[in-house]
Amino acid sequence: MSVIEHPPPGDVAVADTHEPGESPLKRLANLQSVWILAVLLVIVAFFSVAAGDRFLSTSNFSLISQNVAVWAVLGVGMTFVIITSGIDLSIGSVLVFSSVVAAKVMANVGGEGWGVALLGILSALVAGLAWGLLNGFLIAKAKVPPLIVTLGSLSVALGLAQVITGGIDVRAVPEVLTDFNTYTKILGIPSLPFVALIVLILGGIVLHRTKFGRYTYAIGSNELGARRVGVKVDRHLIMVYALSGTLAGFAAVLALAQFGTTTIAGQSLTNLNVIAAVVIGGTSIFGGEGSIFGTVVGLFIPAVLQAGFVIIGVEPFWQGVAVGTVLVAAVYVDQSRRAAALRGAGSKSPPRALLSRSK
Amino acid sequence: MTTPILEARGISRAFGHVQALIDADFDLYPGEVVALIGDNGAGKSTMVKALSGNIAIDTGELLFEGRPIKITSPKQASMLGMEVVYQDLALAPHLNPVQNMFLGREIPRKGPLGFFGFMDDKAMRAKAKAGFTELGGTIRSMTAPVGAMSGGQRQQIAIVRAIQWAGKVVFLDEPTAALGVVQTKNVLETVRRVRDKGVAVVLISHSMPAVLEVADRIQVMRLGTRVATMPAEGTTVEELVGAMTGALDYSTKKGPK
Chain A
46 MSVIEHPPPG
56 DVAVADTHEP
66 GESPLKRLAN
76 LQSVWILAVL
86 LVIVAFFSVA
96 AGDRFLSTSN
106 FSLISQNVAV
116 WAVLGVGMTF
126 VIITSGIDLS
136 IGSVLVFSSV
146 VAAKVMANVG
156 GEGWGVALLG
166 ILSALVAGLA
176 WGLLNGFLIA
186 KAKVPPLIVT
196 LGSLSVALGL
206 AQVITGGIDV
216 RAVPEVLTDF
226 NTYTKILGIP
236 SLPFVALIVL
246 ILGGIVLHRT
256 KFGRYTYAIG
266 SNELGARRVG
276 VKVDRHLIMV
286 YALSGTLAGF
296 AAVLALAQFG
306 TTTIAGQSLT
316 NLNVIAAVVI
326 GGTSIFGGEG
336 SIFGTVVGLF
346 IPAVLQAGFV
356 IIGVEPFWQG
366 VAVGTVLVAA
376 VYVDQSRRAA
386 ALRGAGSKSP
396 PRALLSRSK
Chain B
4 MTTPILEARG
14 ISRAFGHVQA
24 LIDADFDLYP
34 GEVVALIGDN
44 GAGKSTMVKA
54 LSGNIAIDTG
64 ELLFEGRPIK
74 ITSPKQASML
84 GMEVVYQDLA
94 LAPHLNPVQN
104 MFLGREIPRK
114 GPLGFFGFMD
124 DKAMRAKAKA
134 GFTELGGTIR
144 SMTAPVGAMS
154 GGQRQQIAIV
164 RAIQWAGKVV
174 FLDEPTAALG
184 VVQTKNVLET
194 VRRVRDKGVA
204 VVLISHSMPA
214 VLEVADRIQV
224 MRLGTRVATM
234 PAEGTTVEEL
244 VGAMTGALDY
254 STKKGPK
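Top line first, the protein sequences correspond to chains A and B.
With this note's numbering, the residue at position 80 of the first sequence is 125, and numbering never jumps.
With this note's numbering, the residue at position 78 of the second sequence is 81, and numbering never jumps.
Here you go:
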């Protein structure tokens with residue numbers, strides 16, 4: 046029919062602007078995470094010029110990656126949660142709770158070998174999973190908003206951890222765990238970052254390649270729509286929060302290996318730092334959009350800033366100033382891009398066309 | 004072709020004190036487009052929800068291909084070959100047309116990878132492209148998110164998704180309500196093509212000219228029941244409005260088939 050063969054001008058414009066978007070390279074160039082990667086590279090370049098070899102050394106980067114490892118594991122779970130348009134404030138406390146449980150179990154069993162370490166790892170994972178399931182159940186079934194549920198479990202998990210320990214950190218971490226952190230290198234990478242890298246890769250594969258990931262995006266994008274096409278939304282949400290909780294349990298093991306002790310008082314800002322990293326990486330707080338790659342870049346910005354400030358002799362307090370600024374700027378850019386895309390890709394003005402093409 | 008593919012006989016449904024359907028009838032024959040019209044609150048949406056398994060009926064019976072049946076869930080309706088295109092389309096704006104089309108019914112990768120939830124993107128894209136081509140769509144990009152597309156294109160994606168899975172019946176709830184003139188024409192053309200594939204279409208619409216243009220038969224509802232059934236051919240907008248408002252009294256005539 047002639048009607049079909051001559052689509053309205055508006056449609057032609059849309060089709061034209063999208064046609065080049067088919068190339069994966071161009072689509073990549075329009076992702077928020079790629080822009081933020083450029084920001085990261087600028088920061089790295091700045092410190093390289095300012096501090097030279099002291100910044101660009103293997104030992105410096107190995108230190109940075111070590112500092113990022115625990116947050117990276119948490120960031121994977123947080124990315125899933127935020128893509129469903131949820132939030133998980135409890136990860137820091139769940140990490141503390143899991144590490145306390147694991148340390149207590151290992152202390153009671155006693156010994157320094159892998160057997161007792163594995164028992165500790167298992168109990169940390171189970172503790173994290175339990176918190177995640179509880180969060181997920183309250184959010185999906187009891188319909189309490191995620192912010193409230195996880196704010197509650199933040200408080201309860203930390204409180205229980207303090208009750209269990211009397212507020213005193215447990216230092217009974219088997220030597221195999223601390224040695225694993227200190228001495229082991231896998232493919233030339235320190236062990237903790239290597240383990241975190243594995244988690245990141247697995248998380249990326251699940252998020253971007255499997256049905257589980259697809260449903261995560263769909264629920265964040267249009268929950269009712271997902272329900273209508275038969276996606277089991279409640280079950281999926283429970284699984285996503287369970288994933289976040291389990292990864293917090295796993296991060297607890299890494300933290301134990303890193304510090305050789307539980308860190309009851311040391312995780313109060315972990316949740317916010319991880320959320321900031323995820324959001325800087327282009328994951329939309331409104332759901333439906335995001336990537337693990339973006340989260341990785343978002344994690345490195347504060348870590349690199351901190352290391353760089355120390356090396357060039359700026360007070361590390363400036364890190365907070367810089368990260369906060371980057372966070373708000375990143376979300377502002379992201380939102381204006383989104384709004385431009387929603388106003389219609391038919392717009393012909395070059396800057397906006399450039400910005401909206403990714404949408 | 005004397006057996007309706009879907010029939011409602013004397014169905015009633017109350018929501019509290021509000022009687023949404025009162026002894027209402029409906030019938031749909033294979034390969035026809037039936038328009039369901041009526042004023043706000045006449046019971047059109049309730050009728051469609053009852054037929055598609057979204058609400059239960061209090062009394063009366065439903066027949067699918069001549070056999071009495073209880074449709075208790077949208078999933079069951081889907082399995083019978085019936086799909087609904089909701090007014091809000093139920094698309095995920097961040098996903099692309101292919102991902103939307105297969106949402107909830109992804110084609111798994113062959114072998115053990117499929118067991119772990121990996122998807123066969125190639126096969127899904129090919130099937131989606133074939134579906135769009137068949138309906139002569141204006142969707143050019145299979146990779147752009149649906150949220151960036153025009154209202155007409157989104158409508159088309161929702162319709163193509165529905166008929167991809169609906170072997171027998173598609174319900175369209177106000178498909179042209181938010182569309183411009185040209186896009187409305189596109190959608191009506193799509194409806195015709197769907198019918199030509201042999202899929203029966205139920206069209207809920209307020210737009211009388213659109214209804215008269217594309218429907219084979221028109222069933223008019225008023226105050227929770229069907230008050231008239233008429234062929235689209237030879238019927239005027241005035242007659243339809245008369246039946247909807249009760250100004251003209253039509254006794255329900257049997258369909259043309």
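Where is the CB? At the ideal position from N, CA and C, for every residue including glycine.
For residue i, decide whether its Cβ has a neighbour in chain A, counting only Cβ atoms nearer than 8 angstroms.
| i | result |
| --- | --- |
| P96 (chain B) | yes |
| Y106 (chain B) | As written in the sequence, residue 106 (chain B) is Leu, which differs from the Tyr given in the question. Yes, its Cβ sits closer than 8 angstroms to a Cβ of chain A. |
| A11 (chain B) | no |
| V217 (chain B) | no |
Could you check whether residue j and residue i sit closer than 8 angstroms to each other, using their CB atoms as the reference points?
| i | j | result |
| --- | --- | --- |
| A187 (chain A) | S135 (chain A) | no |
| A235 (chain B) | R225 (chain B) | no |
| A203 (chain B) | I8 (chain B) | yes |
| L237 (chain A) | N226 (chain A) | yes |
| G327 (chain A) | I128 (chain A) | no |
| T223 (chain A) | A302 (chain A) | yes |
| G97 (chain A) | L174 (chain A) | no |
| I357 (chain A) | A206 (chain A) | no |
| V197 (chain B) | I166 (chain B) | yes |
| I264 (chain A) | V276 (chain A) | yes |
| I88 (chain A) | L350 (chain A) | yes |
| Q102 (chain B) | D176 (chain B) | no |
| G63 (chain B) | T75 (chain B) | no |
| V342 (chain A) | L85 (chain A) | yes |
| N180 (chain A) | Y260 (chain A) | no |
| V223 (chain B) | A231 (chain B) | yes |
Locate the alpha helix (DSSP H) running through residue i, then write down its first and last residues.
| i | result |
| --- | --- |
| P323 (chain A) | Reading the sequence as shown, one finds Val at residue 323 (chain A) and not Pro. First-last of the alpha helix (DSSP H) with V323 (chain A): T315 to I325. |
| S107 (chain A) | T103 to I128 |
| V149 (chain B) | Neither: V149 (chain B) is in no alpha helix (DSSP H) and is coded neither H nor E. |
| F225 (chain A) | E220 to Y228 |
| D124 (chain B) | D124 to E137 |
| V244 (chain B) | V240 to T248 |
| A348 (chain A) | I337 to I357 |
| I166 (chain A) | W159 to A185 |
| V244 (chain A) | S236 to R254 |
| I136 (chain A) | I136 to V154 |
| T62 (chain B) | Premise fails: T62 (chain B) lies in the beta strand (DSSP E), T62 to F67, not in any alpha helix (DSSP H). |
Could you work out which residues of chain A lie near residue i, taking near to mean beta carbons separated by less than 7 angstroms?
| i | result |
| --- | --- |
| E109 (chain B) | K256 and R259 |
So which residues on chain A does residue i lean against when the C-beta distance must stay under 8 angstroms?
| i | result |
| --- | --- |
| M122 (chain B) | R254, T255, K256 and R259 |
| F119 (chain B) | T255 |
| Y89 (chain B) | R273 |
Which chain B residues sit within Cβ distance under 7 angstroms of residue i?
| i | result |
| --- | --- |
| S266 (chain A) | A95, P96, H97 and L98 |
For residue i and chain B, any beta-carbon pair shorter than 8 angstroms?
| i | result |
| --- | --- |
| A385 (chain A) | no |
| G270 (chain A) | yes |
| G333 (chain A) | yes |
| E67 (chain A) | Note on E67 (chain A): pLDDT 44, under 50, position unreliable in the model; no value is reported. |
For residue i, return the contacting residues in chain A, with the cut-off set at a CB-CB distance below 9 angstroms.
| i | result |
| --- | --- |
| Q102 (chain B) | R259, Y262 and A263 |
| K78 (chain B) | G275 |
Got a sec, what are the start and stop residues for the beta strand (DSSP E) residue i sits in?
| i | result |
| --- | --- |
| L39 (chain B) | V36 to G41 |
| L199 (chain A) | No beta strand (DSSP E) holds L199 (chain A); the alpha helix (DSSP H) holding it covers P191 to T210. |
| L31 (chain B) | V21 to L31 |
| G9 (chain B) | For the record, residue 9 (chain B) in the displayed sequence is Leu; it is not Gly. First-last of the beta strand (DSSP E) with L9 (chain B): L9 to F18. |
| R70 (chain B) | R70 to I72 |
Extract the residue ranges of the beta strand (DSSP E) inside the stretch 170 to 238 of chain B, only unbroken runs of 3 or more that lie entirely within it. 172 to 176, 203 to 207, 220 to 225 and 228 to 234, all fully within the stretch 170 to 238 of chain B.
Along the chain, which unbroken stretches of the alpha helix (DSSP H) at least 4 residues long are found entirely within the stretch 262 to 313 of chain A? Taking only runs of at least 4 residues, the alpha helix (DSSP H) segments lying wholly in the stretch 262 to 313 of chain A are 268 to 273 and 278 to 304.
My parser needs the beta strand (DSSP E) runs of 3 or more residues fully inside the stretch 75 to 125 of chain B; what are they? Those beta strand (DSSP E) runs which fall completely within the stretch 75 to 125 of chain B and span 3+ residues are 85 to 88.
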